[in-house]
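Below is one structure, written out as structure tokens; the observations come after it.
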Amino acid sequence: MKEESLQYIIYKRRDFKFKLKGQTIFLCAVTIIASLILNGVTRKTGIISGSAFIVCLAAYLGVNSLHKKLAVSKRRIVIETGFPIKNNVLTGVQQELILLDIDYFINGSRQNNNPYSVFPDIAALKSKIEEGEALTDTEAAGLNGIYSTDALNNI
Numbered sequence: 145m146k147e148e149s150l151q152y153i154i155y156k157r158r159d160f161k162f163k164l165k166g167q168t169i170f171l172c173a174v175t176i177i178a179s180l181i182l183n184g185v186t187r188k189t190g191i192i193s194g195s196a197f198i199v200c201l202a203a204y205l206g207v208n209s210l211h212k213k214l215a216v217s218k219r220r221i222v223i224e225t226g227f228p229i230k231n232n233v234l235t236g237v238q239q240e241l242i243l244l245d246i247d248y249f250i251n252g253s254r255q256n257n258n259p260y261s262v263f264p265d266i267a268a269l270k271s272k273i274e275e276g277e278a279l280t281d282t283e284a285a286g287l288n289g290i291y292s293t294d295a296l297n298n299i
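Here the working numbering is used: position 45 in the sequence shown is 189, and no number is missing along the way.
This is how it looks when you write it as structure tokens:
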């Protein structure tokens, strides 16, 4: 379940974007430098350099988009099969995923776009979930909104 948590996905995406950006810049720089060495400063070098930049940028955007889809796909499957919350009682999968995400936000790792800000007391909600207590209608509706397929687009 840890692979489906927000913390894991965000760290995995951040690390991948850093590596991808470095590799893209390196590839583009090598192409431009090789063109300069082979052709000198000419119009042909400008065309090759511009083309290399465009190809590297397109590859970066494409691979980054594909990786985002792959990183979020497991979470999407869990949310599509395991949610919504029924009868205000959480299943084990729902409970584990929600607790992992709440811990991530409580630790202050990500203050922007905190979906749990709709709840007045996140710690009380976490305690209630850990104890296996039934949720109120408002809490269940809020969690169903957070764990909907529409909310996956905000990751």
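We put the beta carbon where it would ideally sit given N, CA and C, even for glycine. This one's a predicted model, so the numbers in the text were calculated from it and none came from an experiment.
Query, Result
"As assigned by DSSP and simplified to three states, the class of valine 222", "helix"
"Secondary structure of valine 185, DSSP reduced to three states", "coil"
"Test item: CB-CB of asparagine 232 and alanine 268 under 8 Å", "no"
"Continuous alpha helix (DSSP H) stretch holding valine 237: start and end", "236-250"
"Rounded straight-line distance, which links the Cα of tyrosine 152 to that of aspartate 159", "11 Å"
"C-alpha gap between serine 193 and threonine 168, whole angstroms", "14 Å"
"Those residues which DSSP pairs with lysine 230 across a bridge", "Val233"
"Segment limits, alpha helix (DSSP H) that includes glycine 276", "Per DSSP, glycine 276 belongs to no alpha helix (DSSP H) and is neither H nor E."
"Every unbroken beta strand (DSSP E) inside the region 152-204 [3 residues or more]", "none"
"Per-residue burial, glutamate 148 [other beta carbons within 10 Å of its own, 16 or more giving buried]", "buried"
"Status (buried if at least 16 other CB within 10 Å, exposed otherwise) for tyrosine 155", "exposed"
"For leucine 244 and leucine 150, the rounded distance between their alpha carbons", "8 Å"
"Nearest-angstrom beta carbon gap, isoleucine 229 and isoleucine 246 [assumed within contact, 8 Å]", "Not confirmed; about 15 Å, so no contact."
"Threonine 293 versus Ile221, Glu274, Leu279 and Ser271, residue with shortest Cα-Cα distance", "Ile221"
"Rounded straight-line distance, which links the Cα of glutamate 277 to that of valine 286", "Checking the displayed sequence, the identity of residue 286 turns out to be glycine instead of valine. Their backbone Cα atoms lie some 16 Å apart in a straight line."
"Alpha carbon of threonine 175 to alpha carbon of lysine 161, nearest angstrom", "21 Å"
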